[in-house]
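Residue numbers (UniProt numbering): 1 to 278. C-beta atoms are modelled at their ideal positions from N, C-alpha and C, and glycine is treated no differently. On a predicted model such as this, the values are computed, not experimentally measured, just so you know. Data block below; observations after.
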């Protein structure tokens, strides 16, 4: 009788576990609204023009490169520098490609054409050689220093213009967003070199998988700096999370805490947008 009772309890327990697992799978794969996002398409062939870096810089970072995105007639016109647009720098994330800039670069170009190029953006992208920085954090500091040099190189391309830009906007995907925030921790970095920071699916709070000390130390350095220097950070920052559809970076990791009343930081989830881009 006792064994029979134990077996019934075991059966009930396993049945409950199966039910909970089934409910969890249903919630992940089926309990969400219809995906109404549309893919971005190019109307002309994309081109990635490699920007020549100073010899010392290229020798110091042989695995990294800087590119200018363009397509069609726009790409042909800008093969002969200088540039005339608003500089935007894209930073790929873990195992990310510099070619990921195509999506936003192509859309921005179409929008500029719609207003007859009254103003337009010049999209640059960094090639980090698709390093796995989410798994090994030893390269994060090196990437940060290279990005600093890239910003200075980009701004030099606009020298001689009457209204030459003195800063760049940065879009960082995944760990690229954390690298962008880490720029402020560099001793010789001037904060006014960045006018806007947008991060996409960047785990700001903590690493998704803290696999080594390099990653945890890097996070601690960046977050501690932003907390201790909150009143002095004058940088508009937008963190965009992927919501339930992002199975790698949960939304809770992407939120930037409001460090002080002077901090212009906003965190959003894309599923909260009715119309993201029209």
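Exercise. Relative to the alpha-carbon of residue 244, which residue among 253, 236, 237, 238 has its alpha-carbon at the smallest distance?
Worked result: 253
For this session: Classify residue 106 as helix, strand or coil using the three-state DSSP reduction.
Result: helix
Exercise. For the beta strand (DSSP E) that contains residue 148, what are its first and last residues?
Worked result: Counting along the chain, residue 148 falls outside any beta strand (DSSP E), though it belongs to the alpha helix (DSSP H) covering 140 to 156.
Problem set entry | For residue 252, the first and last residue of its enclosing beta strand (DSSP E) | Segment: none, residue 252 is in no beta strand (DSSP E) and carries neither H nor E.
Problem set entry | C-alpha gap between residue 90 and residue 187, whole angstroms | 23 Å
Exercise. Considering only C-alpha positions, which residue in the set 217, 85, 125, 117 is nearest to residue 102?
Worked result: 125
Exercise. Which residue's Cα is closest to the Cα of residue 134: 92, 117, 111, 159?
Worked result: 92
For this session: Identify whether residue 18 lies in helix, strand or coil by the three-state DSSP scheme.
Result: helix
Exercise. Hey, residue 191 and residue 235: beta-carbon distance below 9 Å or not?
Worked result: yes
Exercise. Anyone know if the C-beta pair for residue 167 and residue 193 falls short of 9 Å?
Worked result: yes
Exercise. Under the three-state reduction of DSSP, which class applies to residue 224: helix, strand or coil?
Worked result: helix
Exercise. Between residue 241 and residue 210, what straight-line distance do the alpha-carbon atoms span, to the nearest angstrom?
Worked result: 20 Å
Problem set entry | Strand pairing of residue 239, partner residues [DSSP] | 199, 267
Exercise. When the Cα atoms are used, what is the spatial distance from residue 224 to residue 58?
Worked result: 31 Å
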